[in-house]
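I have placed the structure first, in the form of C-alpha cells, so that the comments after it can refer back to it.
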Amino acid sequence: MTITLSVAVLLAIVLIFLLSDDPGRTIYYFFAGPFINRYYLGNLLNSAIPLVFAGLGIAVAFSSSAFNLGGEGQVYAGALVTAAVCLALPDTNGFIGGIAAVLAGVITGAVLAGISGYFKMKWNTDLLISSFLISAAVVLIVNFLITGPLDDPASSLLATPKIAEQYRLLRIFKPSKLNISIVFSIVAAIAVYTFMYHTHRGYEMRICGLNPDFARYGGVNVNTYLVLPMILSGALHGLGGGLAVTGTHYMALKEFTFGVGWNGIAVALIAKNHPLGVIPAALFFAYLDAGAKAAMLHSDVTFEIAAIIQSVIFYLVTAQAIFSFVKYRQRVS
Amino acid sequence: MNVIHNAVAIMAPFLLAAIGGLFTELTGMLNIALEGLMLIGAFASVVFASATGSLFLGVALGIISSVLVAYLFAFVSLRLKANIFISGLATNLLASGLTVVLAFKLFGSKGVIHFPGAPVLPLVSVPALERIPILGDLFFGHNILVYLGWICLVLAAVVIYKTPFGLRIRATGHDSSTVESLGLNPQSYQLKAILVSGFTCGAAGSMLTLNLQAFVPNITAGRGWIALVVIYLGNKTPLGILIASFVFGFAISISNYAQGFMEIPADFILAFPYIITVVAMIGYSAVRHYRSQKLAMRRDR
Amino acid sequence: MPSVDMREICKYYPESGVKANDYVDLSVKKTEIHAIVGENGAGKTTLMNILYGLERADSGRICLDGEEVVIRNPRDAVRLGIGMVHQHFKLIRPFTIAENVTLAMEQRKYGVLLDRREAWKATEKVIADFGFDLDPGAKIADLTAGQMQQVEIVKILYRHADVLILDEPTSVLAEQQIRTLFDTLKNLTCLGKTIIIISHKLDEVMSIADRVTVMRKGKSTAVRNTDEVDDKELSRLMIGKGITYGFKRDASVPGEPVLALYNVSVAERTGHRPLLDNVSFSVRAGEIVGLTGVAGNGLEELEEVVNGLRKVDSGRIEHRGLDVTNASSYFLREQGMAYVPSDRLRRGSSLSSSVLENLIITSRRSFLNRGFFRRKAMEKFGREILKHYSIDTDLYVPMGTLSGGSIQKIILSRELSAQSDFIMFSDPTWGLDVASAEYIYSRILECRRSRAAILLISNDLDEVLGLSDRLMVMHRGKVVGVFENDGTLSKETIGEYILGLRNDFKGDAGNDGQATMGRGDGNGGGIDDNVVGGGSSRDCSDLSPE
Amino acid sequence: MQKSLKILLILAAVAVVAVAVVLIVLGRTGAEESPGSFDIGVFVPGVAAGSPLYEQLVSGAEKVASEREMVTVKVIEGGFNQGEWEEKITSIAATGEYEVILSSNPSIPFVALPVAEAFPDQKFIILDAIIESHPQMYTVLYNQVEQAAMLGFLAGLITKSDMPGATPELKLGLIAGQEYDAMLKMILPGFERGAREIDPGISVDFRVLGNWYDANKAADLANSMLDAGVDVILTICGGANQGAITAVKERGRYIVYMDSEDYDLAPGTIVGCSELRQERLVRETLEAAIEGDLDWGSNRIVNSTDDYVAFVDNHELYIKSVPEDIRDTMDSFLKDIRSGRRSYEVPKYW
C-alpha cells in the first residue's frame, strides 16, 4: 500500500510539474492545502460525510452481493424529500421535525433501492442495471421537482427554498460547514459494522452474499436478503442526502450531490467493503478533493488539471483494492 | 416517420460503444470506461480530421487515440490488477480532464472548439429508397458513420460466433481457468476485448464531434453509460444490443418530439427513456421468469 | 529411457509456509500407466501442475524423452505433448463437445473463420479412433460426469498428447464408469500413450497402474511395481504406519422410524420425466440406510428434498410422525435433522468466511443476546468443537485456506455437534484421503451407536456396502432395489441395478406398511414405464461403449 | 535488477521531493500580499473559457487591473456544481484578501447571502443578477426581456417573410439548456412578445435540453422542432448551441443567437445576434467601486437605452443574410427601443 501510494504521489508531482506554471505552489496546496486553516480542514471533514454514508451503503450492498449502482439517485432523492418535508412541516418542534424529515429521506432512498431488490427477488431482474436505470430516471425527476414545483420563487438559484432554522444541524467548526452530522456518520459506521458482524441478521446477510447455496443449506431465507441489503443500502444513501440538506446546504440544489454515488462505490472498494474502513477511505477521497480545491484557489490549477492528477492517483490506489466487485462476474454460468 | 429516422441516428453512438462493451462483458469484465473512451475518440477524431483534412484519417486517428487510452486502462486493470471499476472511473475522469486541457493547450479555449475546416460527414442518400416508409427511415439518409455502426455490428456478430477469437472470448467469460488450462492466456483476451471496446468507442465518439465539426467538453453526455445499459438489456448478444439500442434511441427520439406537443414539463419528459427502459426491463425479466418456470428450469431458487 | 523424468522438484508457498514439493523425483516410462498416490496435501497435484505448466517449480528440472525442457505455461506443455484432466472438469458448459474439444486449437476455414463442420469431424474422428461414444454436437451441460470425463480425454487426444495426466479421475464416476475408464486407459497405452494417474484409492491403483510413485508430505517416498506390492504396504508407505483399510460394523437393532418418505415425487419442469418418482422409504433410529446410484438419477434431488431445499410435487415426508413436507431447511434443523452435503465447497461451507462463521451457521440463533451475538460464547463453542474433533486450525482462518479433509471435518463436526436424531450424509468421503475417510467412517458409526437414524447417499459402492444396514438403489428417480446388507451382496449385483439393467423391484422400500399409497401415485403410471423402457437401453450404451 | 530499480525509484523520489520543497518555499514567498492594494476576487460560476459572459467578466476585470496600479485580480472557477459554489465563495472571502468579490450569474446573490453574513466586511459585485437590497452587495440586471424581444421581433419578421428557409407555419423555437428564472420570466416571454408584435398568431415552441453540453441532443431537439415547421430557433444552451446550429444549418433554416456576436459560426444561418456589454459594465462598476462611488446595497437594471443590451446590426453577415426590407423594419424597431420610445419592462420576479 505504501509503495503504490508513494508511486501515485510521485506521478502526481511529475504531472503537476508538467501542467502547472507554478509547480511548487501547486504541490504545496495540493497536498498541504487542506490543512492550512480550520476552514479548509472543516470543509474537508464535512465533504467526507456524504461519502461515508454512500460508502457504507455500498459496503452493505456489495458485501451481500447486492450490486447497487443507483446510489446517485438515492442520495439525491433522499436529499430532496428531506428538504421538501422540512418545507412542508408546519412550525413544529425542530428536533422532531428534523428527524421526521431526515427519516423521510431515508425511506425514499430505501424504497428506490428496494424496488430493484424486490424485482430481483421476484423475477431475477438484474440489480446492477435496474438500480442504475431507476437512479438515472430519479435524478431527472428530482431535477424537474427542484427547478419546477419546489423551486424557490424568491431566489434565482435552481434550488428549493431554505429550510427553517430549527431544522438545521449544529455547526461545530465555523466558518466551515462542518456540523454534527459527522458524529452521525461515525455512529452510522459503527452501527453498520455492529449489524454486519455482531448480529445474526447481519451474519445471515453476509453469508447470503458470500455463498447463497451455503446460506440456503443453513436454513437462511435467501430471498429476504436480496431485498434487505438493497433497502439498507438505499436507506444509508438517503440518510447521507438528508443530512447534506439539514447539515450543510439547508436546501436541495440542482445536482448538488453529483458524483457522490459513484465516489461512494470507489470508497467502499478501497475500504474492501468493511464498514469501519469506509471512514479513512472517505477521508482520503475528501482529502484529494480538498487538495485540488485549495490548489485551484491558490495556484493556477484548473478543474481539468485537478481531474487528471486525481485520475492518476485513483488508477494506482486501486491497484491495491480488493476485487470484490470483479468477483461477482464469477457467477457460475 | 422522422421519429424513426432520428431514432436510428440517435442510437448509432451507443450502439457502437455497446458493441465494444459487449466484448469486455463477454470476457467477464464490467467496463464502465466506455464513456471516457468515447470522449477521447470524440476529441481526437475531430482534431485530427481538421488537421489532416481527411475524414478517414480523422476517424482512424481518433480510434487509435481511444485505443491507446483503452490500453492504459487495460494495463492498470489487468497488469497492475487494479479494481476494474475504479480504474474505469479513473479513465472517465482522465478523459474529461485530458480533453479539455489538451483543447486549451492546442486551441486556447476550454469551451466549444469549432473546426470549420473539418470534413463534413457525408450522408448516404438514396432518394428513391428513402421514400419507402419505415425501411427507408431505418436504412437510408444517415451519415456514413451510422453505417459503420451497422457494419461493426455484423462484424462483431461474426467475430463472436464464427471465429476462434470469439469462441475464446466467450470461453474466457464463462470460465477463465479452463481457457488457461488449454494453454491460452485469458488476460490477453481480456486485453484484446478492452482494446476492441476502445476501437468502437473511438468510432462512436468521432460520430458525435464530426457530426458538428466542433468539440464541446463532456459532449458524450452519458452515452457510455447508456451503452452499458444497452448491453445488459440486449442480453449480451449482438442482435439484442441492436434491439435494445433501438428501443433506447426510439424513446429518446419520442421524448424529443413529445416536448413539442405535450403539456408535461420538459425535465419530466427527459426521464421518459429511462422509465420506459426500466419498465421494459422489468417486464422482460418477468416474462423470462414465467417462461423459464414453465420450461427448462431444473432448480428453483 | 523414461518418457517423463522430473528431478529434484521443489515448490514452496510462502503465503501459507507449505513446502508442497520438496526434492520430488518422478520417472515415468513410455506407454506405462503410472500412479501417484498419497494423502490429501501430499503434493501430488502440485507436482502435476508443475509438469503441466500451471505452476512453476522453484527448482528442479524436467526431461521429456531424455531432453531437458522448460515448461512455463500450459501452452508449452501442450506443445510438448502433455495433456491433463483436472479433478474439477475444465469444460465450458454452454459449449458443445466439439467446441470444447477444439477450443484453443480450432479448425479454421479461410484462415479466420471457425469451421464447425471440420471441428465436428475432427472430434468425431478422435472419438471413433479411441473408442468413445459421444455426440460431438451435444452440449456439455447435458452430459453425465462420466461423459464429461471422456470429453476431457478426447480433448487431450485431439491435441495429440503422448502423456496424459489424470487427477483423481474416478472420484466422480460410478463403478461401471470406472471400469470403462480403465479399459479406455489401457487401450490408450496400447496406442502408445503414457498415462499418469493421481489417486488415493489404492484398490484402483492396484488394478490399473503398472508402477506407483508414493508421495508423502511433499516428498516422493517410494516407487514400486504394482505386481510387487500389496495395498497394505502402499498404505503404509503413504501414511507412514500400517493401517487396516476397513471398519467394523457391529450388529444393531433398529428402533422406530425417524424419517419416512411416502410416495414422494418431484416433476421436472420440462415435464419429460419425474426427477423423483414415487419414492417411499424410512430410516429408523440406530440404522444406516445407504442410497446409491449414478449421478443424475435422483440422488441429488432426494438429498435436497430431505433437507428442505427442494419442494416436492406430491407425497409426504414425516419426521417422527410430524408432517414436514416442504418445510424450510431452518425448520428441519430445528427438528433435529442434520445434513452433511456432497458439495462441501459450495453448499457445505462458505470458503471466504472464517472457520468460526462456518461453524455457527446452524446454531447461530443460540448465541443471541438481545439480537447481538455473544462473541465469547461463540468463540468458546468454536474452540470446543475444534478441540473435541481435534481439528488443527484457528477460528478466524478463512475456510478456503484449509485442506479438503479439514473442511470436511469442520462440516462434519458442525453437523454432529447439533445432537440430531437424523443425519443425512452425502458422499461424505468424496475426494478425501484414506486417513480422513477412516475418521469420517468412525464418526458415522459412532452416530449409529448413539441411536441416530442415518441416511448415507454415496456413489462409492465400497462405502455404502461397508457401512449400510440397508441399501437402496435409485435409477431414473425411482427406487429400483432395496437390500438388507447381510454381507452377501456383491458390487456387481448392485451395479446392475444402478445402471437400470435390472428393475425387478416392486416393493415400497420397507415402510413397514405405513405408506399411504393413495397420495400422488396416480400420475406416475403409463408415461413413466415408457420413458424408463425407452431410456434404459440408451443409458446403457452411454455408459459402456462395447 | 529488482534492487537497482528500487534504488533508482528512491533516488527519483528524493530528487522530486527536493525540487518540490525548493519550489514550495519559493512559491510561498512569492505569494506575499502588498498592503494598500485593491484586490478583486473574480468568481466564475462554471468555467470561463467558452462562455462569452464569463470571458468578458474576466477580461473586464483584468483590463481594470492592467490599467491601474495596486489593483490585482484573481480568477477562481467554481465548476458546474451549484452545491459547491457557496463553499468556494466562502473560501475566497475567508482569505480576507479581497476587497471585492466579483461574479456574474442570477443565482450568485443567494449563494453569497450566507457568506456575506459570515464575513460582514466582504463586499460583492454581482452582475446579471438582482437582489432587493443588501448592504454588502451591488447587483446589476440586464433587461433580457428587451434583449429577447429584439430577437423575437426579427424572428417574427423572418417567419412571415418569403426567405428561402421560412416555412408557412408561424412557429418559432427556443431551446434552453435548463429552465431557470431569467429564462422563464424574461427571455421566453420577451421572445414571444417581440414575435407577436409582428403577428399575434406566432407561437413559440419551447424545449429544454437538460444540460449545457449535450450538443448532439441539441441537434436532435432542433431537428424535431424543424420537423414541426419551426423556421427560426433561439438557442440558449451553452456549449450545446453548436448542435442546434449544425442541425439548423443543414436544413437551411435560421438561428438567432444571444449573449455574443457570433455570426461567423454559421454565415447565413445565424441571422441575428444580440449582445450584453458585460466587459464595459464590469469596468465601469469596478472603477466606481475603486473610487468609492458605488452605492452598496442598491441594484440597477440596464437596458439598450444605455447600450448595455444591444442587437448587433452592423455586422456584414447580418446585412448579407437578411433581406433589406426586414432589416429596415428591424432598424426602426431598434431605434424605438434605443430611444426608449418602446420599452419592455422587467417583471419583478425576485
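Residue numbers (my numbering), protein chains in the order written: chain A, 1 to 333; chain B, 1001 to 1301; chain C, 2001 to 2546; chain D, 3001 to 3350. No residue lacks a Cβ here, since even glycine has one placed at the ideal position from N, Cα and C.
When Cβ atoms are compared, which residues of the region 1201-1226 of chain B fall closer than 7 Å to chain A?
Residues passing the 7 Å Cβ filter: none.
Could you tell me which residues DSSP puts in a beta bridge with Asp3205/D?
Taking the first residue of the fourth sequence as position 1, residue 3205/D is located at position 205. Answer is Gly3173/D.
So Gly1041/B and Gly1062/B are in contact, right, with Cβ under 8 Å, and what is the actual spacing, rounded?
Numbered from its first residue, the second sequence carries residue 1041/B at position 41. Numbered from its first residue, the second sequence carries residue 1062/B at position 62. Yes, Gly1041/B and Gly1062/B are in contact; Cβ-Cβ is about 5 Å, under 8 Å.
Does the beta carbon of Ala84/A come closer than 9 Å to any beta carbon on chain D?
For the purposes of this step, residue 84/A is identified with residue 84 of the first sequence, where counting begins at 1. False, the Cβ-Cβ gap to chain D never drops below 9 Å.
Straight-line CA distance for Leu226/A to Arg1291/B?
Within the first sequence, numbered from 1, the residue matching residue 226/A stands at position 226. Within the second sequence, numbered from 1, the residue matching residue 1291/B stands at position 291. Answer to the nearest angstrom: the Cα atoms are 22 Å apart.
At a CB-CB cut-off below 8 Å, which residues of chain C make contact with Arg1079/B?
The residue given as residue 1079/B occupies position 79 in the second sequence. Ordered by position in chain C, no residue passes the 8 Å Cβ test against Arg1079/B, which lies about 16 Å from the chain.
Taking 9 Å as the CB-CB limit, is Asn2263/C close to chain A?
Counting from one through the third sequence, the residue named residue 2263/C turns up at place 263. Cβ-Cβ to chain A under 9 Å: no for Asn2263/C.
With DSSP collapsed to three states, give me the class of Arg2333/C.
Taking the first residue of the third sequence as position 1, residue 2333/C is located at position 333. DSSP places Arg2333/C in helix when its eight states are reduced to three.
May I ask you to verify whether the region 210-224 of chain A touches the region 269-283 of chain A, counting CB pairs closer than 8 Å and requiring at least 3?
Not touching, per the Cβ criterion.
Cα-Cα, which of Val1287/B, Gln1259/B, Gly1249/B, Ile1231/B is closest to Pro1273/B?
Against the second sequence, residue 1273/B aligns to sequence position 273. When only C-alpha atoms are compared, the closest one is Gly1249/B.
Under three-state DSSP, which class holds Cys208/A?
Translated into positions along the first sequence, residue 208/A becomes position 208. Of the three classes helix, strand and coil, the one that applies to Cys208/A here is helix, per DSSP.
Quick check: the Cα distance between Glu3032/D and Glu3097/D, rounded to an integer number of angstroms?
Working through the fourth sequence from its first residue, we reach residue 3032/D at position 32. Working through the fourth sequence from its first residue, we reach residue 3097/D at position 97. For Glu3032/D, the predicted model reports a pLDDT of 47, less than 50, meaning its position is unreliable and no value from the coordinates is stated.
Exposed or buried, Glu3132/D, counting other C-beta atoms within 10 Å across all chains shown (16 or more means buried)?
For the purposes of this step, residue 3132/D is taken as residue 132 along the fourth sequence, with counting starting at 1. With fewer than 16 Cβ atoms within 10 Å of its Cβ, Glu3132/D is classed as exposed.
Please work out which residues of its chain come closer than 6 Å, Cβ to Cβ, to Tyr3138/D, disregarding the five sequence neighbours upstream and downstream, and give them in chain order.
The count along the fourth sequence starts at 1 and reaches residue 3138/D at position 138. Excluding sequence neighbours, Tyr3138/D sits near Ile3125, Leu3294, Trp3296.
How would you label Ile2156/C, buried or exposed, when you count the other beta carbons within 10 angstroms and need 16 or more for buried?
Reading the third sequence from its first residue, position 156 is the one you call residue 2156/C. Buried is the call here.
If you draw a straight line from the alpha carbon of Tyr2396/C to that of Ser2354/C, how long is it in whole angstroms?
To locate residue 2396/C, count along the third sequence from 1; it is residue 396. To locate residue 2354/C, count along the third sequence from 1; it is residue 354. Cα to Cα, the separation comes out at about 5 Å.
With Cys2063/C as the anchor, note down where its alpha helix (DSSP H) starts and where it stops.
Taking the third sequence and counting its residues from 1, one reaches residue 2063/C at position 63. It is not in any alpha helix (DSSP H) - Cys2063/C instead sits in the beta strand (DSSP E) that spans 2059-2064.
Taking Cβ-Cβ distances below 7 Å as the criterion, which residues of the region 188-217 of chain A are in contact with chain C?
Answer in chain order: His198, Thr199, His200, Tyr203, Ile207, Leu210, Asn211, Asp213, Phe214, Arg216, Tyr217.
For the region 2317-2342 of chain C, which residues have a CB atom closer than 9 Å to at least one CB atom of chain A, in sequence order?
Hits within the stretch, in order: Ser2328, Ser2329, Tyr2330, Phe2331, Leu2332, Arg2333, Glu2334, Tyr2339, Pro2341.
Cβ atoms of Arg2224/C and Lys2029/C: under 9 Å apart, would you say?
In the third sequence, the residue the question calls residue 2029/C occupies position 29. In the third sequence, the residue the question calls residue 2224/C occupies position 224. Contact: no.
Determine the burial state of Lys3335/D: buried for a count of at least 16 other Cβ atoms within 10 Å of its Cβ, exposed for fewer.
Position 335 of the fourth sequence, counted from the first residue, corresponds to residue 3335/D. With fewer than 16 other Cβ atoms within 10 Å, it is exposed.
Is there contact between the region 3147-3159 of chain D and the region 3108-3125 of chain D, where contact requires at least three CB pairs shorter than 8 Å?
As far as the Cβ criterion goes, the region 3147-3159 of chain D does not touch the region 3108-3125 of chain D, which means the pair count is below three.
Answer yes or no: does any C-beta atom of chain D fall closer than 9 Å to that of Ala159/A?
Here the question's residue 159/A lines up with position 159 in the first sequence. For Ala159/A, the answer is yes, since a Cβ of chain D falls inside 9 Å of its Cβ.
Measure the alpha-carbon distance for Val1047/B versus Gly1058/B and round it to whole angstroms.
One-based indexing of the second sequence puts residue 1047/B at position 47. One-based indexing of the second sequence puts residue 1058/B at position 58. Val1047/B and Gly1058/B: Cα-Cα distance of roughly 7 Å.
Using a Cβ cut-off of 9 Å, pull out every chain C residue sitting near Glu1180/B, in sequence order please.
As a working note, residue 1180/B is residue 180 in the second sequence. Simply Leu2054, Asn2073, Pro2074, Lys2090.
Checking the sheet assignment: what are the DSSP bridge partners for Met2424/C?
The sequence position of residue 2424/C within the third sequence is 424, counting from 1. Paired residues: Tyr2339/C, Leu2455/C.
Could you say if the region 1114-1131 of chain B and the region 1205-1217 of chain B meet the contact criterion of at least three C-beta pairs nearer than 8 Å?
Output reads yes: the region 1205-1217 of chain B touches the region 1114-1131 of chain B.
Apart from the five residues on each side of it in sequence, which residues of its chain come closer than 6 Å, Cβ to Cβ, to Glu3086/D?
As a first step, residue 3086/D must be located in the fourth sequence, where it is residue number 86. Closer than 6 Å at Cβ, skipping near neighbours: Val3111.
Can you tell me whether Ser2366/C is buried or exposed? The criterion is at least 16 other CB atoms within 10 Å of its CB, across all chains shown.
Here residue 2366/C refers to the residue found at position 366 when the third sequence is read from its first residue. Exposed, by the Cβ-count rule.
Please state whether the Cβ-Cβ distance between Val317/A and Leu10/A is less than 9 Å.
If you number the first sequence from 1, residue 317/A lands on position 317. If you number the first sequence from 1, residue 10/A lands on position 10. Going by C-beta atoms, Val317/A is not nearer than 9 Å to Leu10/A.
Identify, in the order they occur along the chain, each residue of the same chain with its Cβ nearer than 8 Å to the Cβ of Val1247/B, setting aside the five sequence neighbours on each side.
If you number the second sequence from 1, residue 1247/B lands on position 247. Closer than 8 Å at the Cβ level, and outside the excluded window around Val1247/B, lie Leu1233, Ile1276, Thr1277, Ala1280.
Would Gly1202/B and Ser1077/B qualify as a contact pair, given that the criterion is a beta-carbon distance under 9 Å?
Against the second sequence, residue 1202/B aligns to sequence position 202. Against the second sequence, residue 1077/B aligns to sequence position 77. Cβ atoms of Gly1202/B and Ser1077/B: not closer than 9 Å.
Enumerate in chain order the residues of its own chain whose CB-to-CB distance from Gly2522/C is below 7 Å, with the five nearest sequence positions on each side excluded.
Looking up residue 2522/C in the third sequence gives position 522. Because Gly2522/C sits at a pLDDT of 35, beneath the cut-off of 50, its placement in the model cannot be relied upon, and the point is left open.
With a CB to CB cut of under 7 Å and the five nearest residues on each side skipped, what residues in its chain are close to Met3225/D?
Here residue 3225/D is taken as the residue at index 225 of the fourth sequence, counted from 1. If we look at Met3225/D and ignore the five residues flanking it on each side, its Cβ neighbours are Gly3173, Asp3205, Arg3207, Ile3233.
Please list, in chain order, all residues of the same chain as Ile3092/D whose beta carbon is under 7 Å from its beta carbon, the five residues on each side excluded.
In the fourth sequence, residue 3092/D corresponds to position 92, counting from 1. Correct list, in chain order: Gly3041, Phe3043, Ile3076, Tyr3098, Ile3101.
Here's the rule: buried if 16 or more other CB atoms are within 10 angstroms of the residue's CB, otherwise exposed. What is Leu2234/C?
Indexing the third sequence from 1 puts residue 2234/C at position 234. Counting Cβ neighbours within 10 Å, Leu2234/C comes out buried, since at least 16 surround it.
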